[in-house]
Structure formats: C-alpha cells, structure tokens
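Residue numbers (the working numbering): 461 to 735.
Using N, Cα and C, we set each Cβ at its ideal position, and we do this for glycine too.
Have a look at the structure below, then the notes.
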C-alpha cells in the first residue's frame with residue numbers, strides 16, 4: 461500500500477506553492493500517496509488531508525522556522541518523520557535548499573535517511589495541554605510587570621518574587637532562540653536538560669539556570685495587574701490570571717527530522733550555516 465505523505469507549505473508565498481506542486485509530482489513518481497494539507501489543497505487543486513486529525517507517515521515541510529512551528533501545533537502529540545525544504549530567511553533546522561530537497565524525495569519515500577530527534581516540552585496549565593519544540597514563555601502584557609514564583613516539582617525553589625517581563629522555559633533546541641536572546645545559555649542538543657531564563661528581571665541577580673529535563677518546572681503567577689500570556693513556540697497564546705500555574709517538563713513526543721548527510725550538524729546561533 462502506498463505511503464501517505466502530506467505536504468505542508470506557506471500559503472502566502474507563490475514559490476512555496478510551486479514547490480508544493482513539484483513535491484506532489486515527485487512523491488507520486490517515487491510510489492508514495494501524496495496529499496496537500498487542507499490549508500493549501502484548495503489553492504493547488506489536489507487531494508487533501510487535515511493534519512490536525514489525519515494520520516500520515518511523513519510530512520514534506522516547505523518554508524522556515526515559523527512554518528515548522530505552526531505545523532507542529534497542528535500535529536499535537538503525533539511524530540511523523542519530517543522532510544524539510546528550506547525556503548525562508550530564518551530556517552534554523554532546515555539543511556536542504558529547494559533543489560537538493562526535491563532530489564531527496566525519493567530517498568525520503570524509500571527510507572534512505574537517518575532520523576534526528578529533537579525533544580519537546582510537555583506544557584500544562586488550566587485548560588491548556590501543548591507541546592513546545594523551542595519554549596514555553598510566561599510573559600507580562602504591555603508595560604506591566606509580572607510577579608512569579610518558580611520551583612521544581614520536588615519543591616526546589618528557583619525564583620521567589622521574580623518581577624519583570626516574565627520567564628522562558630526552553631528545550632535544548634530552543635536554547636538557541638528566544639532564551640538565548642534573553643541571556644540564557646546554549647545547551648547541547650544531546651543533553652536531557654531545560655533552560656529557565658528570566659526576561660528583564662528587576663533584580664538583575666536572577667539569572668538563567670539549567671535544570672534536568674525530567675524535573676517538572678512550575679511557574680505560578682503570584683502578582684499581576686492584568687492577565688499575562690502563556691506563549692508556546694511563538695504560535696499558541698493563552699491568557700493566565702493571577703494564581704495560574706504552568707508546568708513544563710521535557711517529556712513531550714519528539715520531533716523527528718529526516719537527515720541525509722553523513723553526520724549531524726551542531727547548530728549554534730553564531731554559526732554562519734544557521735543564518
């Protein structure tokens with residue numbers, strides 16, 4: 461039975477849609493059963509799947525970091541293998557430019573690749589269950605200041621009376637993104653750890669800390685004059701009132717990416733290959 465492979469691309473870029481159409485043709489030639497995600501199927505006139513609900517074995521992702529993060533929110537807990545086609549200024553995890561990525565599609569269908577796994581956070585709050593590849597951030601709105609208490613599940617206190625713009629809990633992958641720009645450390649992707657980073661704390665002694673990935677981080681909103689936001693990977697947003705508790709632990713389902721080179725790349729914010 462042919463393998464069902466979905467194609468997900470930015471609907472607002474003509475080049476992305478043209479590549480999606482080419483990917484569809486090449487996947488069929490390779491013996492797969494391709495289908496467009498419902499967000500672009502109407503624009504391209506082909507068979508559709510809804511990645512919020514339908515099971516697929518692989519996804520061809522055309523775009524950059526934002527495209528990938530939006531896709532992951534659609535997939536939820538599911539972890540199909542992803543074939544990444546780099547198209548965009550910010551594409552941290554995307555190795556293959558369009559020409560090379562299209563040539564690799566037969567290898568993708570025929571399982572001639574290695575799988576690179578990236579750990580995700582499992583994030584819980586009242587009414588919220590989500591997974592984050594990069595980070596979960598609790599942020600004050602506008603010019604307001606949030607007062608937070610941050611501890612581990614075993615009672616270890618990390619910050620008491622943390623006042624400032626908020627807090628970031630980042631994965632090793634996400635340690636190179638928002639957390640890094642806020643002063644957090646970069647964590648090697650092979651480590652089972654998360655980075656907890658205050659954002660513009662009033663008390664500048666409150667710096668970033670790296671904790672074990674299996675340690676559940678609890679963030680309690682103790683003081684705020686207006687609701688704060690829980691932001692997942694810059695894509696999902698939820699309002700949190702005073703007294704709300706957010707829990708994050710590095711035990712979410714992994715992101716699985718097909719790689720075709722002999723060895724993995726260490727991706728760092730200052731590396732030329734990641735710009």
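Distance between residue j and residue i (C-alpha atoms, nearest Å)
| i | j | result |
| --- | --- | --- |
| residue 638 | residue 477 | 29 Å |
| residue 487 | residue 471 | 20 Å |
| residue 629 | residue 726 | 21 Å |
| residue 712 | residue 613 | 17 Å |
| residue 734 | residue 555 | Because residue 734 carries a pLDDT of 47, less than 50, the predicted location of this residue cannot be relied on, and no value is offered for it. |
| residue 636 | residue 524 | 16 Å |
| residue 543 | residue 716 | 9 Å |
| residue 489 | residue 697 | 40 Å |
| residue 571 | residue 493 | 15 Å |
| residue 643 | residue 667 | 8 Å |
| residue 461 | residue 515 | With a pLDDT of 39 at residue 461, under the threshold of 50, the modelled position of this residue cannot be trusted, and the question is left open. |
| residue 620 | residue 658 | 12 Å |
| residue 626 | residue 655 | 14 Å |
| residue 573 | residue 567 | 7 Å |
| residue 501 | residue 672 | 42 Å |
| residue 540 | residue 663 | 43 Å |
| residue 565 | residue 530 | 22 Å |
| residue 511 | residue 670 | 34 Å |
| residue 729 | residue 640 | 8 Å |
| residue 546 | residue 465 | 18 Å |
| residue 552 | residue 594 | 11 Å |
| residue 533 | residue 695 | 8 Å |
| residue 617 | residue 604 | 24 Å |
| residue 705 | residue 602 | 21 Å |
| residue 528 | residue 708 | 21 Å |
| residue 513 | residue 535 | 8 Å |
| residue 479 | residue 692 | 28 Å |
| residue 665 | residue 526 | 33 Å |
| residue 473 | residue 731 | 27 Å |
| residue 710 | residue 481 | 36 Å |
Bridge partners - residue i, DSSP secondary structure assignment
| i | result |
| --- | --- |
| residue 681 | 608 |
| residue 599 | 626 and 689 |
| residue 582 | 591 and 709 |
| residue 699 | 689 |
| residue 653 | 672 |
| residue 716 | 541 and 577 |
| residue 658 | 627 |
| residue 466 | 495 and 519 |
| residue 726 | Paired residues: none, contrary to the question. |
| residue 565 | The partner list for residue 565 (beta bridge, DSSP) is empty, contrary to what the question assumes. |
Beta-carbon contacts of residue i that lie in its chain and below 7 Å, excluding the five residues immediately before and after
| i | result |
| --- | --- |
| residue 632 | 579, 647, 648, 649, 651 and 653 |
| residue 499 | 471 |
| residue 537 | 591 and 713 |
| residue 475 | 547 |
Close Cβ partners of residue i (< 6 Å) along its chain, the five nearest in sequence each way excluded
| i | result |
| --- | --- |
| residue 483 | 467 and 520 |
| residue 496 | 467, 504, 506 and 508 |
| residue 463 | 492 and 517 |
| residue 548 | 523 and 524 |
| residue 408 | Because residue 408 is not part of the residues shown, which for the chain are 461 to 735, the question remains open. |
Residue i CB to nearest heavy atom of the ligand ATP below 7 Å
| i | result |
| --- | --- |
| residue 648 | This structure lacks the ligand ATP; in fact it carries no ligand of any kind. |
Cβ-based neighbour list, residue i, same chain, cut-off 8 Å, excluding 5 preceding and 5 following
| i | result |
| --- | --- |
| residue 719 | 555, 573, 574, 575 and 576 |
May I ask you to verify whether the stretch 602-613 touches the stretch 671-690, counting CB pairs closer than 8 Å and requiring at least 3? yes
- prompt: With a cut-off of 8 Å, do at least 3 Cβ pairs link the stretch 587-594 to the stretch 672-684?
  reply: no
_Quick check for students: name the residue ranges of the beta strand (DSSP E) that lie wholly in the stretch 469-547, counting only runs of 3 or more._
493-497, 518-523 and 541-546
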